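K.L.:
Protein chains: 4
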Amino acid sequence: MSGPWPEGTRCGVAFSVDFDGPTPYVWAHRGEDRRVLGELEQRRFGPRRGVWRVLEMLERLDLKASFYVPGMMAISHPDAVEAMLSAGHEVGLHGHEHEPVQDLEGEAVTEVMDRSLAALEAAGATGPFGYRSPSWEMTDEAWQALKAVPVTYDSSLMGSDLPYLVDGLLEVPVDWAVDDAVFYRYVPGSNRPPVAPQALTDAWALEIEAAKRYETLLVITIHPWISGRPARALALEKLLERFLGDPDIWWATVGEVAGRFTDTPSLLEVPKLHTGHDTP
Amino acid sequence: MSGPWPEGTRCGVAFSVDFDGPTPYVWAHRGEDRRVLGELEQRRFGPRRGVWRVLEMLERLDLKASFYVPGMMAISHPDAVEAMLSAGHEVGLHGHEHEPVQDLEGEAVTEVMDRSLAALEAAGATGPFGYRSPSWEMTDEAWQALKAVPVTYDSSLMGSDLPYLVDGLLEVPVDWAVDDAVFYRYVPGSNRPPVAPQALTDAWALEIEAAKRYETLLVITIHPWISGRPARALALEKLLERFLGDPDIWWATVGEVAGRFTDTPSLLEVPKLHTGHDTP
Amino acid sequence: MSGPWPEGTRCGVAFSVDFDGPTPYVWAHRGEDRRVLGELEQRRFGPRRGVWRVLEMLERLDLKASFYVPGMMAISHPDAVEAMLSAGHEVGLHGHEHEPVQDLEGEAVTEVMDRSLAALEAAGATGPFGYRSPSWEMTDEAWQALKAVPVTYDSSLMGSDLPYLVDGLLEVPVDWAVDDAVFYRYVPGSNRPPVAPQALTDAWALEIEAAKRYETLLVITIHPWISGRPARALALEKLLERFLGDPDIWWATVGEVAGRFTDTPSLLEVPKLHTGHDTP
Amino acid sequence: MSGPWPEGTRCGVAFSVDFDGPTPYVWAHRGEDRRVLGELEQRRFGPRRGVWRVLEMLERLDLKASFYVPGMMAISHPDAVEAMLSAGHEVGLHGHEHEPVQDLEGEAVTEVMDRSLAALEAAGATGPFGYRSPSWEMTDEAWQALKAVPVTYDSSLMGSDLPYLVDGLLEVPVDWAVDDAVFYRYVPGSNRPPVAPQALTDAWALEIEAAKRYETLLVITIHPWISGRPARALALEKLLERFLGDPDIWWATVGEVAGRFTDTPSLLEVPKLHTGHDTP
Chain A
152 MSGPWPEGTR CGVAFSVDFD GPTPYVWAHR GEDRRVLGEL EQRRFGPRRG VWRVLEMLER
212 LDLKASFYVP GMMAISHPDA VEAMLSAGHE VGLHGHEHEP VQDLEGEAVT EVMDRSLAAL
272 EAAGATGPFG YRSPSWEMTD EAWQALKAVP VTYDSSLMGS DLPYLVDGLL EVPVDWAVDD
332 AVFYRYVPGS NRPPVAPQAL TDAWALEIEA AKRYETLLVI TIHPWISGRP ARALALEKLL
392 ERFLGDPDIW WATVGEVAGR FTDTPSLLEV PKLHTGHDTP
Chain B
152 MSGPWPEGTR CGVAFSVDFD GPTPYVWAHR GEDRRVLGEL EQRRFGPRRG VWRVLEMLER
212 LDLKASFYVP GMMAISHPDA VEAMLSAGHE VGLHGHEHEP VQDLEGEAVT EVMDRSLAAL
272 EAAGATGPFG YRSPSWEMTD EAWQALKAVP VTYDSSLMGS DLPYLVDGLL EVPVDWAVDD
332 AVFYRYVPGS NRPPVAPQAL TDAWALEIEA AKRYETLLVI TIHPWISGRP ARALALEKLL
392 ERFLGDPDIW WATVGEVAGR FTDTPSLLEV PKLHTGHDTP
Chain C
152 MSGPWPEGTR CGVAFSVDFD GPTPYVWAHR GEDRRVLGEL EQRRFGPRRG VWRVLEMLER
212 LDLKASFYVP GMMAISHPDA VEAMLSAGHE VGLHGHEHEP VQDLEGEAVT EVMDRSLAAL
272 EAAGATGPFG YRSPSWEMTD EAWQALKAVP VTYDSSLMGS DLPYLVDGLL EVPVDWAVDD
332 AVFYRYVPGS NRPPVAPQAL TDAWALEIEA AKRYETLLVI TIHPWISGRP ARALALEKLL
392 ERFLGDPDIW WATVGEVAGR FTDTPSLLEV PKLHTGHDTP
Chain D
152 MSGPWPEGTR CGVAFSVDFD GPTPYVWAHR GEDRRVLGEL EQRRFGPRRG VWRVLEMLER
212 LDLKASFYVP GMMAISHPDA VEAMLSAGHE VGLHGHEHEP VQDLEGEAVT EVMDRSLAAL
272 EAAGATGPFG YRSPSWEMTD EAWQALKAVP VTYDSSLMGS DLPYLVDGLL EVPVDWAVDD
332 AVFYRYVPGS NRPPVAPQAL TDAWALEIEA AKRYETLLVI TIHPWISGRP ARALALEKLL
392 ERFLGDPDIW WATVGEVAGR FTDTPSLLEV PKLHTGHDTP
């Protein structure tokens with residue numbers, strides 16, 4: 152049998168970009184008087200350098216990506232959002248100040264949704280939007296808020312390796328194993344060094360091979376302040392170049408993946424056994 | 152001299168599967184009002200996708216495995232237990248809600264044992280059963296409870312690289328170095344990235360080579376919500392394919408290993424020196 | 152277009168050395184009665200063995216480096232400072248007792264600056280000096296103190312991969328990915344083993360290749376008590392040998408990099424798109 | 152110039168074994184009523200299996216090692232000590248119950264020393280002994296106690312890569328980078344997986360090459376409950392086989408290294424510059 156992918160392809164691969172910049176730091180330290188600049192400047196690398204390098208790389212590779220942009224980033228960096236839109240990339244919701252949804256309750260949940268949506272629209276993006284949760288967490292309350300907007304899909308959970316329904320809303324799942332921050336982010340005092348870029352992209356190459364093997368979906372995620380740095384960008388570009396011409400892969404934005412499964416709901420039915428093809 | 156393995160083989164290798172799914176999360180958060188969905192959905196990958204991919208792989212490889220199933224998983228996923236049994240795999244005890252034994256005292260110890268046993272039987276499994284402790288911990292109290300059931304063996308401790316007796320009960324030892332969770336599980340905020348699948352299976356290949364070299368036992372353990380993901384499944388399948396035809400290896404379920412040493416207790420006698428063969 | 156580097160080169164690479172020795176330990180444990188010698192002796196390896204091995208290596212390679220020296224180290228090890236200066240290396244400010252700037256407030260900020268400056272001058276170094284913050288942190292208060300000295304540049308933040316201005320002062324940025332301590336330092340109880348030297352210098356080789364590819368700046372940092380150990384020194388020497396003759400690289404001290412951009416401020420203007428050259 | 156090593160050799164390499172077994176766990180949990188067996192059984196692998204595999208390997212390789220044995224281990228496992236002695240290995244002091252010296256004060260410091268010394272002698276070892284501190288820590292008080300015994304050397308600190316004097320007592324230094332526990336030990340909940348054996352012995356091979364290059368000392372340390380496991384033993388044996396015939400290396404016990412520098416104190420004088428030979 153063949154999987155749920157377009158005729159002639161064997162898997163779906165989407166390249167997504169969480170354009171957080173300084174917002175997670177600013178949120179985590181809200182209400183504090185004194186600024187400590189180390190992490191802040193490190194995160195400013197994102198809008199200052201990283202996002203432009205990523206956009207340029209995508210242009211060179213002729214690849215469309217999905218950018219998830221906190222409202223505050225759209226307000227403070229409209230030029231970046233404009234560049235995303237004019238290049239034909241998807242722009243989606245990602246909170247307003249990158250507030251983890253488990254930190255919010257009651258009206259704050261919908262307020263954040265409304266403010267972030269307004270900020271994206273003010274920057275020129277037009278909905279309906281897809282959604283990715285800051286910190287890739289979710290609460291029941293936030294889930295209801297997503298359905299109320301409504302968003303076209305969520306892309307924050309990890310319960311499958313194919314698009315699937317959670318309480319009636321389409322989930323286009325992510326995976327820690329293909330999130331650059333998990334491997335590269337260095338937190339002072341954490342005693343955990345960044346992984347070498349070559350080692351990470353070798354692992355991600357296997358992720359792509361495995362998506363082909365088992366006819367699954369792979370949603371890669373990077374952050375401009377992390378993977379926009381030179382060595383990581385170089386390794387990433389080599390990885391993408393290697394697989395972009397592969398006829399077995401359907402390269403699509405997260406929104407395009409969501410659209411395919413929304414348009415043809417029968418594709419969501421997965422047989423329990425004999426997933427993937429029979430001849431390894 | 153030759154080791155305690157069947158004529159013509161040099162070591163024993165067992166492939167075991169801890170089918171936890173969401174139970175460890177549910178247990179750890181028992182009594183809490185609010186659900187945070189990130190880890191929960193990640194764990195639901197196990198029964199939703201991972202276990203079927205693992206079962207299919209085992210069928211393709213014609214390999215019998217030992218599945219340790221918490222009672223609650225047998226109740227909520229009887230189709231998975233049925234598939235294990237009908238394919239000829241071993242099904243063993245693994246707590247009821249994946250309660251670490253050091254969290255239990257008094258009657259709770261035996262209650263958990265009774266409930267988990269009843270749940271496995273209700274799902275069609277027939278005892279006597281082997282046992283693997285959730286979290287691979289053990290207390291004196293839990294040990295006495297195991298002997299009272301009685302179980303045919305325990306497979307939770309690490310005191311040898313051959314089956315051995317602990318207070319009269321047979322231990323078929325495990326090892327952190329061949330537990331996938333140790334290498335792959337990502338805990339947000341932990342600052343520890345998952346190991347690349349190729350790197351892990353390279354290390355496990357050496358584990359198998361070393362078992363042959365020193366004529367020891369190797370009990371590999373995976374979790375469907377972790378190693379059932381595509382890249383890890385692909386690397387694992389390649390590893391198993393490489394060694395399944397090796398005539399030096401006795402591939403057996405944990406229960407079969409236990410049976411061999413229970414039937415012939417003299418095999419448990421290990422000389423202190425000159426373990427392993429003399430010609431490297 | 153060509154980047155901001157000297158005619159015929161494509162990037163800038165600086166090799167810097169934070170000569171901390173025991174000062175961070177002494178500062179962290181100030182006011183304690185009892186000494187625990189393990190980490191202290193480990194850090195004493197720096198002035199006892201490491202710094203001499205590094206100096207010798209630099210002499211053999213004919214490479215000029217930038218040494219950042221806490222005032223207390225200049226006082227206790229004047230012979231090391233003398234050797235740095237007589238070999239033509241840059242010597243810069245690095246606090247007095249390696250006090251993280253976020254631990255200081257009010258007059259303490261400027262006192263530390265004054266004392267460390269006096270100690271470097273007493274050891275024979277002549278200003279104006281460049282500055283690197285202990286722990287690579289910064290506060291607004293410390294930034295004002297730097298501008299008041301004034302220092303010729305700061306080299307402690309990570310907001311770009313090219314020199315840039317922060318509130319009117321030139322920043323020559325560093326990066327955790329090219330700081331040896333992040334990868335090699337072992338803290339007992341941290342459960343994080345040191346990275347293998349070959350693995351680190353392989354990653355750093357990619358960092359240099361990427362600087363060439365994107366026409367950026369790379370400021371490598373080592374610590375004598377860490378990278379002065381034999382295996383790390385050997386791997387480092389091989390890395391430097393490999394790239395020292397590369398005509399695409401402008402090897403310079405951090406002070407020389409700063410001087411170039413201070414002399415020609417127009418080099419600080421970076422186009423948002425099309426950074427780096429067009430033909431990969 | 153040539154280093155402080157025997158004519159025709161370029162470095163010293165010692166292989167040492169800390170035979171802790173369960174003692175660190177028992178000490179850390181002293182006074183507790185309830186036993187949790189996981190780590191305890193894991194550590195019992197040392198005297199049950201690991202130490203015999205290590206002894207057998209050393210016999211096969213014809214290599215003499217230095218075993219540091221807590222008094223309690225000598226009392227509970229006299230057969231292991233007897234095997235060490237009869238094979239010609241060095242046996243040295245390592246605390247009584249593996250008490251970290253920073254946990255002890257006043258009379259307890261000397262009491263532990265006396266008890267551990269008596270236990271080694273009761274097991275057939277004859278002094279004077281060398282000493283290695285449990286946990287590789289040291290206090291001023293413990294240092295005075297060492298000098299009072301007196302011990303022939305200490306091998307617990309990291310302040311040089313050659314033997315050196317600390318307050319009149321000879322230190323034969325160790326290094327975290329060549330301690331197996333740092334790389335292999337898995338602590339549940341730590342989120343740090345063990346390093347692959349091949350990766351560790353590749354790094355250690357560079358350590359040996361670097362000792363040859365810089366004419367330094369390398370003291371490797373393993374623990375039987377950790378490196379006595381099959382895959383690690385196999386990788387270790389391959390490493391030792393590779394370098395045992397190397398004419399540039401003086402393989403010696405830690406005691407023999409100490410003896411050489413005690414007999415010829417002028418060897419302790421190290422020139423600041425031009426350590427190591429001139430032609431890489």
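Chains as they are written, first to last, in my numbering: chain A, 152 to 431; chain B, 152 to 431; chain C, 152 to 431; chain D, 152 to 431.
Heads up, the beta-carbon is just placed ideally off N, CA and C, and yes, glycines get one too.
The model shown is predicted, which means the values in this text are computed figures rather than measured ones.
1. What residue does the beta strand (DSSP E) around D/F412 start on, and which one ends it?
2. Just how far apart, CA to CA, sit B/L385 and D/D265?
3. Under a three-way DSSP split, which group does C/L357 fall into?
4. Relative to the C-alpha of A/D230, which residue among A/W156, A/A274, A/L214 is closest?
5. Classify D/F170 as helix, strand or coil using the three-state DSSP reduction.
6. Name the DSSP beta bridge partners of D/W402, please?
7. Which ranges would you report for the beta strand (DSSP E) in the stretch 330-375 of chain D if only whole runs of at least 3 residues count?
8. Over what stretch of residues does the alpha helix (DSSP H) that includes D/E388 continue unbroken?
9. Which residue from C/W203, C/G281, C/W355 puts its Cα closest to that of C/E407?
10. Name the chain A residues whose beta carbon is nearer than 9 Å to that of B/P173?
11. So, C/P301 versus C/H245, is the Cβ gap smaller than 8 Å?
12. Does the stretch 374-393 of chain D come into contact with the stretch 197-214 of chain D, if we say contact requires no fewer than three beta-carbon pairs (one atom in each stretch) closer than 8 Å?
13. Using a Cβ cut-off of 7 Å, which residues of the stretch 328-343 of chain B contact any Cβ in chain D, in chain order?
14. Quick check: the Cα distance between A/P198 and C/K363, rounded to an integer number of angstroms?
15. Output yes if chain A places a C-beta closer than 8 Å to the C-beta of C/T261; else output no.
16. Looking at the structure shown, is B/G319 part of a helix, part of a strand, or coil, going by DSSP?
17. Are any of the Cβ atoms in chain C nearer than 8 Å to that of D/D184?
18. Would you say the stretch 394-413 of chain B touches the stretch 154-165 of chain B, given that touching needs at least three Cβ pairs under 8 Å?
19. Compare the C-alpha of A/S217 against each of A/V325, A/E248, A/A356, A/Y315 and name the closest.
20. Provide the residue span of the beta strand (DSSP E) that contains B/S217, from first to last.
21. Kindly indicate which residue of A/G189, A/G201, A/E183 has the alpha-carbon position closest to the one of A/P170.
22. Determine whether the beta carbon atoms of B/H180 and B/P221 lie at a separation below 8 Å.
23. Return helix, strand or coil for D/Y304, following the three-state DSSP convention.
24. For chain A, is any of its Cβ atoms less than 8 Å away from the one on C/W287?
25. Does the stretch 409-423 of chain C come into contact with the stretch 313-327 of chain C, if we say contact requires no fewer than three beta-carbon pairs (one atom in each stretch) closer than 8 Å?
26. Contact defined as beta carbons within less than 8 Å: I believe A/V263 pairs with A/L255. What is the distance between those atoms, to the nearest angstrom?
27. Residues in the stretch 352-370 of chain C with C-beta within 7 Å of chain A's C-beta atoms, listed in sequence order?
28. Say whether the stretch 304-320 of chain B touches the stretch 338-358 of chain B, bearing in mind that this needs 3 or more beta-carbon pairs closer than 8 Å, one atom from each stretch.
29. Report the option in D/G182, D/A165, D/L191, D/E183 whose CA atom is closest to the CA atom of D/P173.
30. Let me see if you follow: with CB-CB separation under 8 Å, is B/G189 close to chain A or not?
31. Run through chain A and tell me which residues come within less than 8 Å of B/L385, C-beta to C-beta.
32. Can you tell me whether A/E241 is helix, strand or coil according to DSSP?
33. Name, please, each residue of chain C whose Cβ falls closer than 8 Å to the Cβ of A/R181.
34. Can you tell me whether DSSP reads B/G281 as helix, strand or coil?
35. Mapping the DSSP letters down to three states, classify D/V260 as helix, strand or coil.
36. Could you spell out the range, first to last residue, of the alpha helix (DSSP H) harbouring B/R204?
P.N.:
Once the coordinates are examined:
1. Translated into the one-based positions of the fourth sequence, residue 412 of chain D becomes position 261. No beta strand (DSSP E) contains D/F412, which is instead part of the alpha helix (DSSP H) from 405-414.
2. Here residue 385 of chain B is taken as the residue at index 234 of the second sequence, counted from 1. Here residue 265 of chain D is taken as the residue at index 114 of the fourth sequence, counted from 1. Rounded to whole angstroms, B/L385 to D/D265 spans 57 Å at the Cα level.
3. Locating residue 357 of chain C in the third sequence gives position 206, where the first residue counts as 1. Shown here, C/L357 sits in a helix according to DSSP, grouped into three states.
4. The count along the first sequence starts at 1 and reaches residue 230 of chain A at position 79. That would be A/A274, whose Cα lies nearest to the Cα of A/D230.
5. Numbered from 1 along the fourth sequence, position 19 holds the residue referred to as residue 170 of chain D. If DSSP states are grouped into helix, strand and coil, D/F170 belongs with coil.
6. By one-based count along the fourth sequence, residue 402 of chain D stands at place 251. D/V164.
7. 368-373
8. One-based indexing of the fourth sequence puts residue 388 of chain D at position 237. That run of the alpha helix (DSSP H) goes 381-395.
9. Reading the third sequence from its first residue, position 256 is the one you call residue 407 of chain C. When only C-alpha atoms are compared, the closest one is C/G281.
10. In the second sequence, counting from the first residue as 1, residue 173 of chain B sits at position 22. By Cβ distance, chain A contributes nothing, its closest Cβ being about 10 Å from B/P173, past 9 Å.
11. As a working note, residue 301 of chain C is residue 150 in the third sequence. As a working note, residue 245 of chain C is residue 94 in the third sequence. No. Outside cutoff.
12. yes
13. A328, V333, F334, V338, S341, R343
14. Taking the first sequence and counting its residues from 1, one reaches residue 198 of chain A at position 47. Taking the third sequence and counting its residues from 1, one reaches residue 363 of chain C at position 212. Using only the alpha carbons, I get a separation of about 22 Å.
15. Taking the third sequence and counting its residues from 1, the one referred to as residue 261 of chain C is at position 110. Not one chain A Cβ lies under 8 Å of C/T261.
16. Counting from 1 along the second sequence, the entry for residue 319 of chain B is found at position 168. Coil.
17. Here residue 184 of chain D refers to the residue found at position 33 of the fourth sequence. No, its Cβ sits nowhere closer than 8 Å to a Cβ of chain C.
18. yes
19. Here residue 217 of chain A refers to the residue found at position 66 when the first sequence is read from its first residue. The closest CA to that of A/S217, considering only A/V325, A/E248, A/A356, A/Y315, is found on A/V325.
20. The residue given as residue 217 of chain B occupies position 66 in the second sequence. Residues 217-220.
21. Walking along the first sequence from the start, residue 170 of chain A turns up at place 19. According to the sequence displayed, residue 170 of chain A carries Phe and not Pro. The shortest Cα separation from A/F170 among A/G189, A/G201, A/E183 belongs to A/G201.
22. Locating residue 180 of chain B in the second sequence gives position 29, counting from the first residue. Locating residue 221 of chain B in the second sequence gives position 70, counting from the first residue. In this structure, B/P221 does not lie closer than 8 Å to B/H180 by Cβ.
23. Stepping through the fourth sequence from its first residue, residue 304 of chain D is reached at position 153. Coil, per DSSP.
24. Here residue 287 of chain C is taken as the residue at index 136 of the third sequence, counted from 1. At a cut-off of 8 Å between beta-carbon atoms, C/W287 makes contact with chain A.
25. yes
26. Indexing the first sequence from 1 puts residue 263 of chain A at position 112. Indexing the first sequence from 1 puts residue 255 of chain A at position 104. Contact flag correct, Cβ pair sits at about 6 Å.
27. D353, A354, L357, E358, E360, A361, A362, R364, Y365, T367
28. no
29. Indexing the fourth sequence from 1 puts residue 173 of chain D at position 22. Measuring from the Cα of D/P173, the nearest candidate turns out to be D/L191.
30. By 1-based counting over the second sequence, the position of residue 189 of chain B is 38. Answer yes: the Cβ-Cβ gap between B/G189 and chain A drops below 8 Å somewhere.
31. The sequence position of residue 385 of chain B within the second sequence is 234, counting from 1. The contact set of B/L385 on chain A, defined by CB atoms closer than 8 Å, consists of L357, E360, A361, R364, Y365 in chain order.
32. Within the first sequence, the letter at position 90 stands for residue 241 of chain A. Strand at A/E241.
33. As a first step, residue 181 of chain A must be located in the first sequence, where it is residue number 30. Per Cβ cutoff of 8 Å: no residues; A/R181 is ~17 Å from chain C at best.
34. Position 130 of the second sequence holds residue 281 of chain B. Strand.
35. Within the fourth sequence, numbered from 1, the residue matching residue 260 of chain D stands at position 109. Correct three-state label for D/V260: helix.
36. Your numbering for residue 204 of chain B matches position 53 in the second sequence. Per DSSP, B/R204 belongs to the alpha helix (DSSP H) from 202-212.
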